[in-house]
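Asks: Below you'll find the structure I mean.
Numbering (my numbering), first residue to last: 4 to 157.
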């Protein structure tokens with residue numbers, strides 16, 4: 004069982020999709036009409052953009068520049084139960100904190116952003132200290148300005 008399974012995630016819901024992030028990836032869930040097949044979809048994952056569109060509809064559900072870069076060869080999408088597009092985007096820069104999925108659209112509110120950052124800090128501690136269970140831990144203060152390099156000694 005990994006950290007997310009034990010500690011859960013902090014999801015951000017929008018009218019079109021929901022998403023969450025970990026140190027290494029961003030998971031996106033897009034509801035589509037029941038009975039949708041893979042061939043009915045146009046899903047394009049690029050290093051700096053994402054497009055999710057039903058071919059039968061004029062407008063895309065998601066279409067824009069991502070708030071962070073991704074590794075396209077390690078990013079995937081699947082259609083679950085013919086009604087949910089599940090996308091896993093692998094971050095190009097580990098522990099990069101995204102403030103939204105697509106630039107200029109549905110930016111995280113400060114509370115949710117801080118909760119995501121705290122979960123990622125605990126995930127970082129868990130990875131750096133195998134054998135210790137941080138899944139139930141909580142931060143009592145604010146997240147450091149540079150969580151990526153926090154407690155990193157060169």
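Each residue gets a CB set at the ideal place from its N, CA and C atoms; glycine is no exception.
All of these numbers come straight from a predicted model, not from anything done at the bench.
Less than 8 Å between the C-beta atoms of residue 64 and residue 20, yes or no?
Replies: yes
Asks: Taking the DSSP output, what are the residues bridged to residue 107?
Replies: DSSP lists no partner for residue 107.
Asks: Count the other CB atoms within 10 Å of the CB of residue 90; is the residue buried (16 or more) or exposed (fewer)?
Replies: buried
Asks: Which residue marks the beginning of the beta strand (DSSP E) containing residue 45, and which one marks its end?
Replies: 44 to 48
Asks: Would DSSP call residue 77 helix, strand or coil?
Replies: strand
Asks: Helix, strand or coil for residue 23? Go by DSSP, reduced to three states.
Replies: strand
Asks: Residue 34 by DSSP, collapsed to three states: which one?
Replies: In this structure, residue 34 counts as strand in the three-state DSSP scheme.
Asks: Taking the CB atoms as reference points, tell me whether residue 24 and residue 80 lie closer together than 8 Å.
Replies: no
Asks: Is it buried or exposed for residue 107, if we count other Cβ within 10 angstroms and need 16 for buried?
Replies: exposed
Asks: For residue 73, which of 111, 26, 16 has the nearest alpha-carbon?
Replies: 26
Asks: With DSSP collapsed to three states, give me the class of residue 82.
Replies: strand
Asks: Within the continuous beta strand (DSSP E) that includes residue 60, where are the two ends?
Replies: Residue 60 -> no beta strand (DSSP E), and no H or E assigned at all.
Asks: Under a three-way DSSP split, which group does residue 71 fall into?
Replies: coil
Asks: Quick one: grab the DSSP three-state call for residue 91.
Replies: strand
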